Amino acid sequence: MKTEVVKLDTPLDREQVRKIVRVIEKGGIAAVPTETVYGLAGRALPDTIKRLDVLKGRTSDKRYTLHIGMKEELTKYVPKVPPPMMKLANRFWPGPLTIVFELDQTSLQTPQSIFSKEIYEVLYLDGSIGIRCPDSIICREILSTSILPIMIPSANPTSCKPAISIREVLEYYDGQIELVVDADSQECRYKKSSSVVKYGANGIEILREGVLASDLITKNAIFKILFVCTGNTCRSPMAESICKKILSDKLGCSIDSLERFGYKVESAGVFAAEGISASKEADIICREYGASLENHKSRLLTKQLLEESDVIFAMAQSHLDDLKRMTTAKNEICLLDKNGEVPDPVGQDVAAYRKCAEQIERALRERINEIL
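Using our numbering, read the sequence shown as starting at 4 and increasing by one per residue.
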C-alpha cells in the first residue's frame, strides 16, 4: 500500500476534505492532526476497529475515542448529559479534553434506536463512550463532513510516543495507512495527549492528566446550586439540606460525597447576619428527612457567590427581584416553587416548619428531575 500525503491548510480546500472523508468512509485510515497529537481517523465499524487494533498493537477490548466536529453533537451520543460534564464540555470544547460517560440502560435506549447494531456496539463498548471535540479546524471539518461516526486514537504503536509531526507518522505507518494529512498551520501545538475524565458510578475520575491539569478539570466540573431566602436560618438552609439528601439518593452516594460527583449545594440570605445557627425547628424537620443543619452558619449573599452558582433558587419574589438586581450574569435564577412563594415559618411552631419543608421537598423533586 502506498501512503498518500494530502496537503491541507486553511482556507480549506473542500474537495480535498471530501476526498479524505471518502477514504475514511470506505474503511481507510487517515492520519490527521489535532491540537494535541496526530490521530488515526477511522470509521466506527468493526472491520476498521480491527485495523486500528493492529496498527496500535492493542487487544480488541481496548476502547477508542469518538471525535465530533461540534460540541452541540454531544447530546446525539449522550442524550442526558450530567450537568458537571456539560460544564466541562462548554468550558473546554473544542479542546484537549476527552470525556468518558457511563450510561445506564435507559440512556442507552436512544442511541440503540439511532445507530445500526454494528456502529452501536463499537461506540458503546461496555455501556460507556469516550468523546472529544478537538480544537483543529481541519479535523473538525473532516468530522462534520462524514456521515459516519469517526474514532481517532493517537497515531502511534502502543509502545511508542504519540506522533506530533507528519515525519513521525510516516516513520510509524508509511505503507500501512491510506493517507496522512499535512497541515503545517495546524501542527500539534500542545505536543502531548488530551486529558481524560470519566463520569459514572464512582463520580468524577481523572483517567489521564494530559494538557489540562487534574485540579483544573475538577474545579470546572463543579455544578453549584444556591438557595436564597432572607436571613439564611430557616427556608434556604432547609432547602439546601433536603436538596443534598435528594441528590445523594439519586446519585447513589453519601451527602459528603456530592462534590466527588460534581455537585455543590449552598444557601445564603439577602439580609443575613454572618454566623448564626439554623433555627431549632428547621434542624428538627431536616432530621426527619435524614439530613441535618447542626453545622449550618448563616451567611450574607454576595455578588461573587451569586455569579459562581449555576442555578439559583429564590424562596420568594422579593428575593428573586434582589437577585436580578445584583447580577447580569446568565445564571438560571428562578423561584424554587413554580406554583408560588415559600412562606417564611420564622417564629412559628414545628408544624409550620414541617409544612414549609413539605412544600420545599415537592418543589425540589421537580427541579432536581429537570437538572438531572
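Using N, Cα and C, we set each Cβ at its ideal position, and we do this for glycine too. All values derive from a computational prediction rather than experimental measurement.
Asked	Found
Which value, in whole angstroms, describes the spacing of the CA atoms of I66 and S198?	The displayed chain sequence assigns Arg, not Ile, to residue 66. Between R66 and S198, the C-alpha separation is close to 15 Å.
Report, in whole angstroms, the separation of the C-beta atoms of F264 and I336, which I expect to be a contact under 8 Å.	Between I336 and F264 the Cβ distance is about 24 Å, and since that is not below 8 Å, they are no contact.
Please report how far the alpha carbon of K283 lies from the alpha carbon of T305, in whole angstroms.	25 Å
Is DSSP giving A34 helix, strand or coil here?	strand
S321: which of D347, P152, P14 and G278 sits nearest, CA to CA?	D347
V1 lies in the beta strand (DSSP E); which residues open and close that run?	Examination of residue 1 is not possible in this model, given that the chain is present from 4 through 375 alone.
Taking only three categories from DSSP, how would you classify C359?	helix
Can you name the residues that DSSP bridges to D129?	Paired residue(s): none; D129 is not in a bridge.
Provide the residue(s) that pair with M154 in DSSP beta bridges, ordered along the chain.	G45 and L69
Please state the DSSP three-state secondary structure of A381.	There is simply no residue 381 to check, as the chain begins at 4 and stops at 375 in what is shown.
From E171, R238, Y127 and D185, pick the residue whose C-alpha is nearest to that of Q351; which is it?	R238
So for I180, helix, strand or coil by DSSP?	coil
Do you know offhand how far G72's Cα is from S139's?	9 Å
I need the boundaries of the alpha helix (DSSP H) containing T78, first residue and last residue.	L77 to Y80
So, do the segment 217–236 and the segment 178–185 have three or more beta carbon pairs nearer to each other than 8 Å?	no
Just reading off the beta strand (DSSP E) that C337 is part of, what are its end residues?	E335 to L338
Near V8, which residues of its chain fall below 6 Å by C-beta distance, leaving aside the five closest residues on each side in sequence?	V183 and D185
From this set, E190, P156, R54 and I150, which residue's C-alpha is nearest I169's C-alpha?	E190
Closest to G278 by CA distance: which of I287, N235 and R368 is it?	N235
By alpha-carbon positions, which one of I258, R61 and E212 ends up nearest to P389?	The requested residue 389 is not part of the displayed model; the chain covers only 4 to 375.
So is L210 buried or exposed if we call it buried at 16+ other beta carbons inside 10 Å?	exposed
Kindly identify the DSSP beta-bridge partner or partners of G265.	Beta-bridge pairing links G265 to no other residue.
Which runs of the alpha helix (DSSP H) fall wholly inside the segment 77–114 and span at least 4 residues, in chain order?	77–80 and 86–95
Among I374, L58 and G130, which one has its Cα closest to the Cα of K174?	In the sequence under discussion, the amino acid at residue 174 is Glu, which differs from the Lys named in the question. The residue with the shortest Cα to Cα distance from E174 is L58.
With DSSP as the reference, label R211 as helix, strand or coil.	strand
Specify the secondary structure class of R21 as computed by DSSP and reduced to three states.	helix
Taking Cβ positions, are Y41 and V172 nearer each other than 8 Å?	yes
To the nearest angstrom, report how far apart E76 and F274 are at their CA atoms.	43 Å
Between the alpha carbons of A158 and G272, how many angstroms are there, rounded?	54 Å
Taking the alpha-carbon positions, what's the V24 to V314 distance?	41 Å
How close, in whole Å, do the beta carbons of L338 and L326 come, if the pair is a contact with beta carbons under 8 Å?	So it is not a contact: roughly 10 Å between Cβ atoms.
Where does A276 fall in DSSP's three states?	coil
If you run the structure through DSSP and keep just helix, strand and coil, what is E375?	Contrary to the premise, residue 375 reads as Leu rather than Glu in this sequence. Coil.
Between which two residues does the alpha helix (DSSP H) holding K300 run?	Note, K300: premise wrong, no alpha helix (DSSP H); not H, not E.
Taking DSSP as the reference, what is the three-state secondary structure of L229?	strand
Going by DSSP in three states, E190 sits in which element: helix, strand or coil?	coil
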